[in-house]
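Notes to accompany the following structure.
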Amino acid sequence: MVKKVGKYIAIFCLLASSLKINCVDVTLQVKSTDGADLEQAAVGKPFVVEVLVKDTSSTKKPEVKGLDGFHIGQTGLQIQTINGKTSIAYTFNVRVDKPGVYKVGPAIIKEQGKEYKSEKVKLEVAQEQILDPDTIEQPLEQKVFFELASDKKDVVVGEKINCRFRFYYLDKEDIKLKGVVPSRAKELRETEKKGAYEGKQKINDKAYNYIEYRWSCFPKSAGIITLPAYRAEFSVPVTHSTGFPRSSGQAGQGFFGAFSSFFGRSYNREYIDSNALTFNVQPLPQYDGIVNSVGQFNSFEASVDRAAATQGDGIVYTIEIEGDCDLDSLDFAKIIGMPEQLKYYDSKQYVLDNSAKEGMKKKRFEFIVQALESGDWTIPEQRFTYFDTKKREYKTLKTDAIKLKILKGTSKPFVPKSKKDLDNEGAQVLDNTRDKIIGIQTYGQWYSTNQREISFWFFLLLMLVPLVPWGVAFGKSVKRKIRERYAPHMIKKYAFKTALKDLSCAKKKNDFAKIYSIFIALFAQRFELSESIITQDDIIKILQEKGFSQEDINNWENFVSKISSFVFSEKGVVEKFDKDTFEQAMYWVNKFKEKF
Amino acid sequence: MYKKIILFFIIFLGITCVASKQEEMFLTANNLYKNKEYKKALDLYKKIEKPGPVTYYNMGNCEYNMGNYVSAIVAWSRAKKGSSWSKRQDINYNIIIAHDKLGSSYEVTFWQEIKEFVCSYSLFFWQVLFLLFWFLFFAFLMFLKKEQNLRMLWLFLALSGGFIFAGTLLIKYQSIQYKIAIVIQAGSLFAGPNEKYHQIGNLSVADEVIVQKSDKNWYKIDRNGVVGWVNANQVEVI
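Note that the protein sequences, when read in sequence, are chains X and Z.
Residue 992 in my numbering is what sits at position 92 of the first sequence, and the numbering runs on without skipping anything.
Residue 51 in my numbering is what sits at position 48 of the second sequence, and the numbering runs on without skipping anything.
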């Protein structure tokens, strides 16, 4: 009975737990890039839509409704398993470029044939209140902040907007800007960024350094245009406490964390988003006629390199405009009212940065004018109409009309073939041979062959070959020199060793006669005397000088007389003497060694 | 035994047949070029299995006459490998004309002339020359030991020669180590291997750049001292 009840309880628990396992929970949240909950997002600034799926067994991405119109960037996925239960957090880095109220969600996930939905989340997207560093009242906690700014917000189509971004970081902090990931708005034409400009600024009694880049934008169409936030990547030294504020994305200190300080300074890579910029672009007011540009202009002039030429010769007609506008896009394709007898060709156009007025630049358009008939001709005044962004009205600038005197000539009219050739000074007629390339080759190496080469290490080995005999010869000469230099000293140093070695050799051979010569050689080497002239008296003198007692000297004399007799005696007589003689000899050598 | 001989003969014949077929293609392409059928000539040149400098040169000419100046520059740049110095000068002349057509300039500086001269000979040639000089140098040193007169002069000459040969060898090694690429599509130079990185410069068509390394579909290049990343589709590696 008990067993049956227990069985039913176990089955019931299994069923209940399996039901529990199949219960998937889906939650949708909107957060800022540093993980905080978000109720209001800023226009053009990234935030995160997080879908948390609990108790799931599938890693299939959920479908999130309501993200149409959102700009979706990176997506991420984090899996966590605790006590056998898996939770997955899916993150979507998104951005909205237009203000409004949006409904994000629901997030739908399908698992084992069932559909699980999250709640919808209401999100308000509004313009961000930009913290103007000059007007901040409350003390700033941040060590870095990243600002995107422009000089105008309300502009017309084509009007120049000067933009800049600044990366601020606290002075005396080891923070380094690693890079900036720019964003783009397709309705804006942007120039190349110039920088980096460095500077210092005091904000609320705190000294900040900044790095700045500048560029210009020109809106291409009317409407509300958002330049999304830029992202700055920077490195910051690792701190053990969480002293670094969570206003930026944090990569984490990693496994070694606190131990990293033992291995020297280590850095974390972090990032921070700037604010976005929104421009209110109005269309240009109605105008009957061609509008050449939008901006401010100082002068519009035309000139020629010479007022008189021969028929068929080329005259350079230059139009120069000075202004602050989108010069790169500015074009002057047509000369209005050119007489039929004057033919003109595009030559070149270039921008000059040498304007006297600040912010203004000059652009020149050069044309080659060729008179087909002789006579007096006039290039009429040219007009340039633009929308003055300061006075908010259309204005027209005019050049002077230019008179030309064309003389009858015999030269044939030329047709310019290359702009490059006309850049050369004095070049009036192109050298047509320059267009001709050198003809093909009909023989030679038309197929490729493997290039022979000596491998690098073998090459080095070959280079060492001549060094070997040199090295050997050099080594030998050095050894010889050392020997020559130190030989007497070595002989003296090793005299006792040599004597003992000779004695042991003599003992083996029973060569008693050699004992005497060994001692003579010992004294000669040790005291640097010649073997042929050293006498017993010299030896006794040395012994006396070295402090040998009279008894020792007498014993020595007895020993010497004994060994000297070996030299002259016959072999049979020598054998009669005791073999202790060698031991005695060794005894005397060691004694001398101690005393000397 | 006889079977082996016959087999060897067949293989030899096969190889010569293939080789002669390739040569036939080359000669036919030359004739097509002379008849101004540039497209057909180019297609035939491209079919040659292992094209050498002459084939690349002729391909460049075909591209030029078809108005593809950038492709012509690429083909001519490839033709420089294995070409003699005089032929390299002809190639440079053609490249200058192609650049004129594109509205850009191409200058051959004195230093480039030296590099061209060095690269016109094979690495093996310079290695052998250097080793020869190296052995002679040590032989000279033996001679100098005995001859006291003019010792300094001989030593100076020997060392100068050593520097020159070592220098040419270094230039040749460097030319092999670094790849050259030609920009075929104007675009931007980025700070990293992704378009999201900061733009640090612009590249014009037909610019010559040095490729330092590659990362997936991006190349790290050096253009006149400015180092940055460019999309691989925008350059053609020589």
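Quick reminder that beta carbons are idealized off the backbone N, C-alpha and C, glycines included.
- Residues of chain Z with a Cβ closer than 9 Å to the Cβ of Phe1200 (chain X) do not exist; the shortest Cβ-Cβ separation is about 27 Å.
- When DSSP states are grouped into helix, strand and coil, Phe1284 (chain X) belongs to the strand group.
- Val1460 (chain X) and Phe1427 (chain X) have their alpha carbons spaced roughly 18 Å apart.
- The shortest C-alpha to C-alpha distance from Phe1118 (chain X) to any of X:Thr1091, X:Gly1000, X:Gly1099 and X:Phe1448 is the one to X:Thr1091.
- Per DSSP, the unbroken beta strand (DSSP E) holding Gly1275 (chain X) starts and ends at Gly1275 to Ile1279.
- Straight across, the Cα-Cα distance linking Ser1377 (chain X) with Trp1370 (chain X) is about 11 Å.
- Not a single CB atom of chain Z sits nearer than 7 Å to the CB of Tyr1069 (chain X).
- Counting along the chain, the unbroken beta strand (DSSP E) around His971 (chain X) starts and ends at His971 to Ile982.
- When the five nearest sequence neighbours on each side are left out, the beta carbons in the same chain lying within less than 8 Å of the beta carbon of Ser207 (chain Z) are those of Ser107, Val186 and Ala189, in order along the chain.
- Note on geometry: alpha-carbon atoms of Leu45 (chain Z) and Asp103 (chain Z) lie some 23 Å from one another.
- From the listed residues Z:Lys182, Z:Phe128 and Z:Asn95, the smallest Cα separation to Asn64 (chain Z) is found for Z:Asn95.
- For the pair of segments examined, the segment 126-134 of chain Z was found not to touch the segment 81-93 of chain Z: the number of CB pairs separated by less than 8 Å stays below three.
- Take the alpha-carbon of Lys37 (chain Z) and the one of Lys49 (chain Z): they are about 17 Å apart.
- Listed in chain order, the non-local C-beta contacts of Val111 (chain Z) below 6 Å within the same chain comprise Asn95, local neighbours out to five positions each way being set aside.
- For Val949 (chain X) against Val930 (chain X), the beta-carbon gap comes to about 6 Å, under 8 Å, which counts as contact.
- At least 7 Å separates the beta-carbon of Ile1302 (chain X) from that of Val1191 (chain X).
- Scanning chain Z for C-beta atoms nearer than 8 Å to the C-beta of Pro1082 (chain X) yields Lys199, His201 and Gln202, reported in chain order.
- Interface annotation, Ser1135 (chain X): not in contact with chain Z, CB-CB separation never under 7 Å.
- Annotation for Thr1296 (chain X): no alpha helix (DSSP H) segment contains it, though the beta strand (DSSP E) segment containing it runs Glu1293 to Lys1298.
- Contact check for Tyr67 (chain Z) and Ile1340 (chain X): beta-carbon distance about 11 Å, past the 8 Å limit, so the pair fails to qualify.
- Across the structure, Val1489 (chain X) and Phe146 (chain Z) are spaced so that their CA atoms are roughly 53 Å apart.
- At a Cβ-Cβ threshold of 7 Å, Ile213 (chain Z) and Tyr181 (chain Z) count as neighbours.
- Annotation for Leu1429 (chain X): no beta strand (DSSP E) segment contains it, and DSSP assigns it neither H nor E.
- Of the candidates X:Arg1114, X:Asp955, X:Lys1308 and X:Phe1287, X:Lys1308 places its Cα closest to the Cα of Glu1273 (chain X).
- Rounded to the nearest whole angstrom, the C-alpha separation of Glu963 (chain X) and Ser957 (chain X) is 17 Å.
- Nearest to Ile117 (chain Z) by alpha-carbon distance, out of Z:Leu173, Z:Val240 and Z:Glu27, is Z:Leu173.
- Among the residues of chain X, those whose CB is under 7 Å from the CB of Lys53 (chain Z) are Tyr1347 and Ser1348, following chain order.
- Residues of chain X whose Cβ lies closer than 9 Å to the Cβ of Tyr181 (chain Z) do not exist, since the nearest Cβ in that chain is about 16 Å away.
- According to DSSP, residue pairing for Gly1214 (chain X) in a beta bridge involves X:Gln1270.
- Using a CB distance cut-off of 7 Å, Phe1359 (chain X) counts as an interface residue toward chain Z.
- The beta carbons of Glu1087 (chain X) and Ser1121 (chain X) sit about 5 Å from each other, so the pair counts as a contact at 8 Å.
- A direct Cα-Cα distance of roughly 41 Å separates Asp1246 (chain X) from Ser87 (chain Z).
- Contact annotation, Tyr1244 (chain X) with Ile1236 (chain X): C-beta distance approximately 11 Å; criterion of less than 8 Å not satisfied.
- Sixteen is the threshold: when 16 or more other Cβ atoms of the shown chains lie within 10 Å of the Cβ of Thr1299 (chain X), as they do, the residue is buried.
- Cβ contact annotation for Val994 (chain X) (same chain, cutoff 8 Å, sequence separation greater than five): Pro946, Phe947, Val948, Val949, Leu967, Phe970, His971, Ile972 and Gly973, in chain order.
- Excluding the 5 residues flanking it on each side, Asp1051 (chain X) has same chain C-beta neighbours closer than 6 Å at Asn1062, in chain order.
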